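Chains as they are written, first to last, in our numbering: chain A, 1 to 357; chain B, 1 to 355; chain C, 1 to 512; chain D, 1 to 294.
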Amino acid sequence: MNKPSLTTRLTDPRTLPLLITLGLFLLMFGYGSVAYRGFFSAQVFCNLFIDNAFLLIVAIGMTFVVISGGIDLSVGGLVAVTTMISATLVQSHHWPIWVVTPLVLLLGALFGGFQGVLIQYFRLQPFIVTLGGLFLTRGLCFLINIESITIADPAYTAVSEFRLHLPGADISANVLIAAAVFIGAVWLAQYSEFGRVVYAIGGSERSAVLMGLPVARTKVMVYMLSGFCAALGGVTFTFYMLSGYGLHAQGMELDAIAATVIGGTLLTGGVGYVTGTLFGVLILGVIQTLITFDGTLSSWWTRIVIGALLCVFCVLQRLLDSHASKRRTSRAAVGKTVAPAVAAGDATPAEMVAQQH
Amino acid sequence: MNTATPEATGWTKTLVRHPLFLPVLTLLVLLLVNRAFNAHFFHIENKDGHLFGSLIDILNRASPLALVALGMTPVIATRGVDVSVGAVVAISAATAAVLIGGQMQIVNGVEVYVSNVPLPFAIAGALLVGLLCGLWNGALVAYVGMQPIIATLILMVAGRGIAQLLTAGQIITIYYQPYFFLGAGFLGGLPFALYIVAAVGIVLWFFTQRTALGLFVTAIGINPTASYFAGIKARAIMLCVYGFSGLMAGAAGLIISSNVKSADGNNAGLLMELDAILAVTLGGTSLAGGRFSLVGSLIGALIIQTLTYTTYSIGVPPEANLVVKAVVVFIVCVVQSEPMRKLILRDPSLQGVTR
Amino acid sequence: MNAAASDLPHQHTGEAILHMTGIEKRFPGVHALKHVEFRLFPGEIHTLMGQNGAGKSTLIKVLTGVHPADAGQIMFAGQTVKLDSPEAAEAAGIRTVYQEVNLCPNLSVAENIYIGRFPRKAGRIDWSTLHENARTLLATLSLDLDVTRALDAYPIAIQQMVAIARALSVDAQVLILDEPTSSLDEDEVQKLFTLLRQLKARGMAILFVTHFLEQTYAVSDRITVLRNGEREGEYLARDLPRLTLIHKMVGREIDPDQLAKPQWADAKPGDTFIGAQGISRRGSMQALDLDIRAGEVLGLGGLLGSGRTETARLLFGVDKCESGEMKVAGQNTRFTSPRDAIKAGIGYCPEDRKSEGIIADLSVRENIILALQARQGLFRYLPRKRQDAIANDYIQHLGIKTPHAEQPIGLLSGGNQQKALLARWLATDPKMLILDEPTRGIDMAAKLEIMDQVLALCRKGLAILFISSEMSEVVRVSHRIAVLRDRHKVGELPAGQTNEHAVFHMIAGGEQ
Amino acid sequence: ADKLVLGFAQVGAESEWRTANTESIKSSAKEAGVDLKFSDAQQKQENQIKAIRSYIAQKVDVIAFSPVVESGWEPVLREAKAAKIPVILTDRAIKVSDDSLYTAFIGSDFLEEGRRGGRWLEDHYKGAQGPINIAELQGTVGSAPAIDRHNGLIEVIKSDDRFKIIASQSGDFTRAGGKQVMEAMLKSYGKQIQVVYSHNDDMAIGAIQAIEEAGLKPGKDIVIVSFDATKGGFQAMMAGKMNVSVECSPLLGPQLMETAKLVAAGKSVPKRIVTKETVFPMETAAAAFPSRKY
Ligand SMILES: Nc1ncnc2c1ncn2[C@@H]1O[C@H](COP(=O)(O)OP(=O)(O)OP(=O)(O)O)[C@@H](O)[C@H]1O
Ligand SMILES: Nc1ncnc2c1ncn2[C@@H]1O[C@H](COP(=O)(O)OP(=O)(O)OP(=O)(O)O)[C@@H](O)[C@H]1O
Ligand SMILES: [Mg+2]
Ligand SMILES: [Mg+2]
């Protein structure tokens, strides 16, 4: 049986972008360490996680949506409305944290599911539906309260100020939550039926239907997952800011999409890794950190650099892709015939497989 | 069951099936809602040769969006999308402001407003920058082969940075009087911006009806490979289509900056891309490419502007503006959706309702 | 047309596992299934036959819940069922390989086979078992693939085999194969048939669709013929002579021998239209000499993957030649895009009609005038009257079956789409046509019509490059045949010496 | 010794006032020989928090920032305190439970500014008949200047029942926002509006455009009270379209550098440092204009 070598694995157009992202991250971090005093420290590295935990969580939800071939523009609004609802319930109604948190998570998932239903059953474009979702969630924030609400609840403050002391650095509760989400997402993508069906839908939705896969359910669930992640992102954002505000997380949907794409996920769907998204988020974080460490660059350079990075990555993906399709046409991969079919005897193929295990 | 050809069915059904039926209906409903709240809504008065009134106001305000939506329509028809238009609006506004100049000069104690470069150059410069942005997008899509949403996302992300780079992060105020004519001037009683929209509309109409552009764009949108095999210059057309979208965003940037008399890299044209895509979709053009409707996009832009106007004028708190917009988007999209249309058209008891 | 159940031939005494009655299905402008009855018994191979557009695929899709039926009843295993999605059909024990290869190109081979029922360990997908199972299963089809590679790394034929493997991966009560053999070579077909016979012996009910008479008679126990969406009848294969079967399918008399007769007695080729000298492209074609004259059909012979389509793409400028020279009508030429080729008077009907040929949502009219308009350019827009005239002319001339010229072409059946594509090129008044598999997935009568058209065009002085996997068709229409193997030309059979045996001999030539 | 390192997290570049503020800080840092680490949060609080956290990691000597909103600063300021880095607020205050989280606050007294605006109105309408209808264009919702300028006005006019605020909406401190809100207000209230009380000049300029487009004369038909006294505001006043602009100086760079140096040297500074400001009615505008720096 032919097994692919490590090098073919690594240069596979589906994994190569991931490696490049990783390499780029190391390069940027390395550059910062050399160029700026105090950059090379465990705390700066951990700050990347502390400051971007919520983005990571949101981007992970986005990754699933994008792999399924869709897009979710509502996440930023959903984060904001989550902070708003949490803050209102905690401050004005004095609900305890352990009631508020599950409630907002449920609401987020339900809202995602609602969008999923519109997309799946009414055959609407994800772009338009989630754009409506963005308007709706942002609008709802301002209906709840147009001002920012500070949370003074001791439980929230405690979580917010919780620090796990690692040697040389501290991490916040948000980082722990994000880590759990990350591990769960990797498991979901690689080891669960649901995850593989998401990839199948992204590869070819029509085929997935004809293969008898639960496409409708999975698609709705993907948007539910994204809604859930956005709400969880909102919860962590609430811990981060200790306030609820309708203008929180503005444009976060763009950051999440950018992180996903830089992480090697194709917006056409079907290809992508959760790990890639992690590094996408870290790259965005490291750019910001570099710019603050430099202290003389104007903030608009952040945008220009991210745009340039997106550009480089996408051109790269294109190049890899056309290279791969060239290789495809050269048909190096056509298998060779082995033992004749009769060798199977009377057993059906399915049984043969069953007998072996 | 209705499998009969359109000729065999009643005129109501033909009407209901017309792709522009819903957009027009939505617009009418919105206008009537306004009329219900404001008796003077349809009233147009003539003040020193200028027409004033709510309708004129809506038309005027909708014109930048209408331009961008017109530019976006062919892009969407080729199965693309241009999410960079908002950023291009900002870039073009910044260019115009920088070219015209943000400084007022005091000569002998009297303020005079001068332009750094002659006005036509400033306008051409801003349009050119818009066009270049569009061509950049088009080149990425047509020649590099990127997905449209990503190719234009690049400029969307970087564009506002570029606009701020141009203005060095400042909000540049424009003092040069003649420039204001573009966005706030009147010609023959009507706002000048309307003439720009009309001119663009006519040019586009000519290109889609009197040349094969409409056919080619639709063909590319439905099946790019097959179109290429049939000998259509698919890449060149895509390049032009994106270039045109950029140009229109540039024009909108001019109108907007002239209207607010300043260029703000951060806020000019904010969320414009979303509104434009929405306008095109509300007008009945599918984001999946193929058949498109220019008139539909214009109506879509009017719907969005009327909606904004409505929420302000009927006293919906501005906070609720976004919610109302979202609800209208959901309703229109759901009603327009294939399953819903089928349901409505198939069930005879519902036909009265939709008429 | 509704034969009473008692009219049906009986062989099996048991209950039908599947019994569809009174099935109705309409698409916009098309009545695809008219009160169709169909039954399937355990332990039989039942072939569904009919011309293009007869409704075979539609019947299958109604059965598996892809399209909801407008009316009718489905009995499965003795009970009335309502299968409203492929998912439900799979769950009920119906495995289907649809006409188009329907797998996910981005997933690995193993995943494509097992997705939906992955082996698990401790609640998670057990990847090593999965890969092991996939390899074992593929071995029964004599395939040794790297099952962890993405499916799109493999050619269409292999993908088709993987699709079949997926259907076999679980013991089902009913197995449906809609034209599984159209992209397989003889060897692979035989392997498939061996397997089908084994499955039949174990009591599985198999529904099979093909256009190949040989294959039908090789495996079928029973044949149901559809015509124009109606059930023409159900027959035991051994009781149904071939000629009768063809008559039933087309509703008129066709002599199958007609297919085999070479038609080239009266050919009078003119000057060389295209002359290629050593054209090649890395990874696609080795240096190739080819010349095609006006008024002749040059056939390309070769096996699957021998490079016929690549040759066509080089000649049409889809792929750029990396070396070699090409003369068109005596002039040195270099095509860098299909446009260049079209300007030189060449037309190309691609192998993959759906993705490279038709523009599905455009009308038949627009599809027909498209190439002409593209050549004329943006500004010389054909007036609508002229468009209508051209479209209606060809619809009539080529006998394209469509309700009207404004019907979206995607709603036509395969054969009619092919004819419309032919019309697209004829409208440009070409000097040469490249036809890659114009007869693939097309029924007998339509095949004959297309081939007749080819011959007629040739008589009018067109140069034609004809590609088909059916060697008999190539032999029938071609004046000369260039034979390819492994992406290079191994020889050429001159006029008068073309026959199937000679082609195969030449292909095999270098082997020993 | 080493140069003093100051990390400054700016709000953004949302108005002319803000750019003048940025300019002042940058140039006075250069003059004072301070190594300035400047970052611009693009009006996003999370960006400011990130920047502050990064300054802590960089171990700068002093952190200063101009908060986007009042709330939500506690965790990161606690980190700064733990790292023993003094924090100076500029321009806007914050709400914290623990005052020791920052060392000093340099900035205008917005409440006082609001009162000044109110007092000017009382002065202007001395002896006039009521009711006097005010339309208020608020700044970014939840920001300190918006809240205080509103409260300052209320404080002054609540004892005078001729004044009535008939409409109040946020224009987000931007020109476009001011214009849009003003248009809406003119639609719903029309000529009832006698006074526009705009929380900054940019919004006021937007409002002036809206008023002109509605066919009314700003400065005459509608009295315009505004804040900041930027160049744009002065031009409007000189053109007779704006009646008064209450100064709010963005030029706090020198004061900031001075304070930062004191703080870094461990000297004590007053907790509240108010910038020196005045009121510019339109009559004095032309005379004062040439000496304006922003
Ligand atoms: N989704 C669809 N929408 C509209 N019409 C359709 C659709 N699918 C099939 N048809 C029409 O229904 C008829 C039957 O098509 P079907 O695909 O079942 O034929 P078939 O017998 O499988 O032919 P072939 O041998 O070419 O595969 C044709 O006229 C076809 O144009
Ligand atoms: N894995 C693949 N993915 C995409 N296209 C492929 C793949 N494998 C082969 N093809 C394409 O399929 C076509 C058929 O290949 P080729 O031209 O070599 O064979 P052929 O002699 O025309 O045989 P046939 O047409 O019968 O397959 C070619 O255009 C080739 O590029
Ligand atoms: Mg079929
Ligand atoms: Mg081929």
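Glycine is no exception: its CB is placed at the ideal position from the N, C-alpha and C atoms.
Quick caveat, the model's predicted, so the values are computed rather than measured.
Residue range of the alpha helix (DSSP H) that includes A/GLN120: 97 to 121
Contacts around D/TRP17, its chain only, beta-carbon distance under 6 Å, and the 5 residues preceding and following it disregarded: ASP228, THR230, PRO250
The region 149 to 164 of chain C contacting the region 67 to 83 of chain C, beta-carbon criterion three pairs below 8 Å: no
Residue from D/MET237, D/SER28, D/LYS191 with nearest C-alpha to D/ALA285: D/MET237
is_contact[D/GLU16, chain B] using C-beta, thresh 8 Å: Yes, contact with chain B.
Own chain residues within Cβ distance below 8 Å of B/LEU187, not counting five before or after: Excluding the 5 residues flanking it on each side, B/LEU187 has same chain C-beta neighbours closer than 8 Å at TYR195, in chain order.
C/ASP486 beta carbon less than 8 Å from that of C/SER306: yes
Under 8 Å between C-beta atoms of C/VAL36 and C/ARG231: Cβ distance < 8 Å, so C/VAL36 and C/ARG231 count as in contact.
Three-way DSSP call (helix, strand, coil) for D/PHE8 in this model: strand
Inter-residue CB distance, B/GLY283 and B/ILE304 (contact presumed, cutoff 8 Å): That pair is no contact at about 10 Å.
B/LYS47: contacting residues in chain D (beta-carbon distance under 9 Å): GLY215
Sequence-distant residues of its chain with Cβ nearer than 7 Å to B/VAL141 (five each side left out): GLY80, PRO148, ALA151, MET238, TYR242
Ordered list of beta strand (DSSP E) runs contained in the region 217 to 258 of chain C, each at least 3 residues: 222 to 227, 230 to 236
Pairwise C-alpha distance: C/ILE409 and C/SER363: 5 Å
Boundaries (first-last residue) of the beta strand (DSSP E) holding D/ILE132: Where D/ILE132 is concerned, the enclosing beta strand (DSSP E) stretches over 132 to 138.
Any C-beta of chain B under 8 Å from that of A/ILE128: yes
Check whether A/THR277 and A/THR137 have beta carbons under 8 Å apart: No, they are not a contact pair.
Cβ-Cβ distance between D/SER168 and D/GLU136 below 8 Å: yes
Distance between B/ASP264 and A/ALA332 (C-alpha atoms, nearest Å): With a pLDDT of 34 at A/ALA332, under the threshold of 50, the predicted position of this residue should be treated as unreliable, and no value is reported.
Under 8 Å between C-beta atoms of B/THR73 and B/SER297: yes
C/GLN277 in three-state terms, based on DSSP: strand
Nonlocal neighbours in the same chain, by C-beta distance under 8 Å from A/PRO214, ignoring five residues either side: The beta carbon of A/PRO214 sits closer than 8 Å to the beta carbons of VAL197 from its chain, once the five residues preceding and following it are set aside; these are given in chain order.
Chain-ordered chain A contacts of B/THR281 [CB-CB under 8 Å]: Those are GLN125, ILE128, listed as they occur along chain A.
C/ASN52 CB to nearest heavy atom of ligand 1 below 7 Å: yes
Bridge partners - D/TYR197, DSSP secondary structure assignment: D/GLU136, D/VAL225
Limits of the alpha helix (DSSP H) - the one that B/PHE121 falls within: 119 to 139
Sheet register partners of C/ALA205 (DSSP bridge): C/VAL174
Under 7 Å from the C-beta of A/SER298: neighbouring residues of chain D: Going along chain D in sequence order, the residues near A/SER298 (Cβ under 7 Å) are ASP40.
Outcome for B/VAL114 when other beta-carbon atoms lying within 10 angstroms are tallied against a minimum of 16: exposed
Sub-8 Å separation of D/LEU77 and D/LYS261 beta-carbons: no
Selection of the region 147 to 178 of chain B by Cβ proximity to chain D, strictly under 8 Å: Correct list: GLN164, GLY169, GLN170, ILE171, THR173, TYR175.
Backbone secondary structure at B/ASN34 - three-state DSSP: helix
Buried versus exposed, by CB contacts within 10 Å (16 or more), A/GLY270: buried
Beta-carbon contacts of C/HIS67 that lie in its chain and below 6 Å, excluding the five residues immediately before and after: Residues LYS61 of the same chain have their beta carbon placed closer than 6 Å to that of C/HIS67, with the five preceding and five following residues left out of the count.
CB contact below 8 Å: A/LEU56 versus chain B: no
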